[in-house]
Amino acid sequence: NYRLFSQSLEREIARQKREKTNLAIFMMDLDSFKSYNDTYGHLEGDELLKNLGHILKASLRETDIVCRYAGDEFCVVLPDTDAVGGQKAAEKVIAGVRDFPHFKRPVTISIGIAMYEADLDKKTFIKRADAALYDAKHSGKNCVRVFDPAKHKISEDS
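Under the working numbering, the first residue of the sequence shown is numbered 10, with each subsequent residue one higher.
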C-alpha cells in the first residue's frame, strides 16, 4: 500500500505544481495499539485496523487517498485542501474513531498534518507530516498537530 501512497502523492504534487492548488497530507497513528494487541490478541488488532480503514473511508472525501503506511500508521493525501480543511478532516476522523461503537475499549489516534509548499520534495513533505505526528503523540495523544517550521525541526537532506 506504500506504493499506492507514493504514486498518489507524486501525482498530486505534480498536479499542485501545474494547477497551483492546495495539497495536504496527514499521517496518523493509533495510540497504544501495542497494548490493544497484547490485551485482545492479533486477530482483534487486525479487526481494529480494518474498522479504522472503514472509518477513514466514511469520514473523508472520495477524492482523498487513504493508504496504510506501516503497522498501525496510515497516510492520507488530501487534494485541494488547505490547512483549515486538513484540520477539519483530521478532527472528523478523530471523532469517527471516538464514536465507533464496536471497539473492545476506547481507541484514539494522533494525526500530523503537513501542507505542500513550492519546490518541496516528496520525502521532506512526508517528514513534515511525520514531525507533526510525533508532536501530537508527545502532546498527550488523541490530537491533531499541523507542521510548523518554527516549532518542528527536521533534517531536510537525509
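Even glycine gets a Cβ: it sits at the ideal position worked out from N, Cα and C.
- Spatial neighbours of Y45 in its own chain (CB-CB distance under 8 Å, excluding positions within 5 residues in sequence) are listed in chain order as L39, E53, G54, L57, K113, R114, V116.
- Distance check between H161 and each of A67, D139, F35 places D139 closest, using alpha-carbon atoms only.
- Taking a cut-off of 8 Å for Cβ pairs, the region 83-90 and the region 18-25 touch, as three or more such pairs fall below it.
- Within the region 46-120, the complete beta strand (DSSP E) runs of at least 3 residues fall at 74-79, 82-88.
- One alpha carbon belongs to E100, the other to L32, and they sit about 17 Å apart.
- Beta-bridge analysis with DSSP links A33 to L87, M124.
- The residue among R154, M124, K132 with its C-alpha nearest the C-alpha of D144 is R154.
- With fewer than 16 other beta carbons inside 10 angstroms of its own, G50 counts as exposed.
- Of all alpha-carbon atoms in N60, G105, K97, the one lying nearest the alpha-carbon of I122 is that of K97.
- Nearest Cα to G95 within the set I34, A141, Q25: I34.
- A residue is called buried when at least 16 other Cβ atoms come within 10 angstroms of its Cβ; A141 meets this threshold and is buried.
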